[in-house]
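Here is the structure we will look at, set down as structure tokens.
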Amino acid sequence: MGSHARLPVTLSINGSRYQLLVEPRRTLLDALRHDLGLTGTKKVCDVGDCGACTVIVDGRTMYSCLLLAVDCEDRAITTIEGLARGNELDPVQEAFIRQDGFQCGYCTSGQVMSVRALLDVHPEPTDEQIRRTVTGNLCRCGAYSNILAAARLAADLQAERRVTHQSELRKTRAEDSR
Ligand code: FES
Ligand code: FES
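With positions in the sequence shown counted from 1, the corresponding number in our numbering is that position plus 935.
As structure tokens, then:
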């Protein structure tokens, strides 16, 4: 195989399937940003040191600069573009905005993805769990106290939305049964 030979790969990202031809050395990060135009995932160090490129793969956070696209065939990948539902931001995104959980923004999508993955497993995390979660996401601007506040608020917003959703569901069922 020549050094520029490309391999077919099917990536499942944010619920959509994408068929690509990529070089075996293509990282998932470069496939997302350059082949698919999903530039919300940031490239900073490109060597697994900073966490800016964090995405969720099969429910776990991973550095996309350390994954080869060809190894991600048929794995469920979520990027920052997959969090909002229409015009409604994910509670984690909303909380980062409300708590000013960023300055330059380079680390932000990675931070948001890490907190999103945490809340998927621990909807009411302790501060210690939040701190441990974002240890793999470096913030050179030092926005950590606001990031912690944003993660706490995200948990509250998520719980509020769940209660609202359940009461709307009960109302709809009651109306349907009349
Ligand atoms: S860009 Fe992947 S860890 Fe820094
Ligand atoms: S907001 Fe600038 S690196 Fe975190």
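Idealized CB from N, CA, C, for every residue including glycine. Keep in mind the model is a prediction, meaning the values are calculated, not measured.
Pair within 7 Å by beta-carbon distance, residue i and residue j
{"i": "Ala1030", "j": "Ala1089", "result": "yes"}
{"i": "Val957", "j": "Arg968", "result": "no"}
{"i": "Ala1086", "j": "Val1047", "result": "no"}
{"i": "Leu963", "j": "Leu1002", "result": "yes"}
{"i": "Thr976", "j": "Val990", "result": "yes"}
{"i": "Ile1065", "j": "Leu1083", "result": "yes"}
{"i": "Ala1004", "j": "Arg1033", "result": "no"}
Assigned exposure category for residue i - 16 Cβ within 10 Å defines buried
{"i": "Gly986", "result": "buried"}
{"i": "Asp965", "result": "buried"}
{"i": "Ala1052", "result": "buried"}
{"i": "Thr1070", "result": "exposed"}
{"i": "Thr1061", "result": "exposed"}
{"i": "Ser999", "result": "buried"}
{"i": "Pro1058", "result": "exposed"}
Requested in this report: State whether the region 943-957 contacts the region 999-1016, with contact taken as three or more CB pairs (one from each stretch) at a distance under 8 Å.
Outcome: yes
Query - Distance cut 5 Å, beta-carbon to ligand 2 heavy atom: residue list by chain order - result: Any heavy atom of ligand 2 counts here; residues with a Cβ closer than 5 Å to one of them, in chain order, are Phe1037, Gln1038, Cys1039, Tyr1041, Cys1042, Cys1074, Arg1075, Cys1076 and Ala1078.
**Report entry** beta strand (DSSP E) runs wholly inside the region 1006-1032, at least 3 long, in chain order
**Finding:** 1011-1013
Requested in this report: Can you check the region 1029-1078 for any alpha helix (DSSP H) of at least 4 residues that lies completely inside it and give the ranges in chain order?
Outcome: Listed in chain order, the complete alpha helix (DSSP H) runs (minimum 4 residues) inside the region 1029-1078 are 1043-1056 and 1062-1068.
**Report entry** Residues passing the C-beta test against ligand 1 heavy atoms, cut-off 6 Å
**Finding:** Lys978, Val979, Cys980, Asp981, Gly983, Asp984, Cys985, Gly986, Ala987, Cys988, Tyr998 and Cys1000
**Report entry** Minimum length 3: unbroken beta strand (DSSP E) runs contained in the region 936-976
**Finding:** 942-948 and 951-957
Report task. Count the CB pairs spanning the region 1071-1083 and the region 1031-1041 that are closer than 8 Å, and state whether there are at least three. Result -> yes
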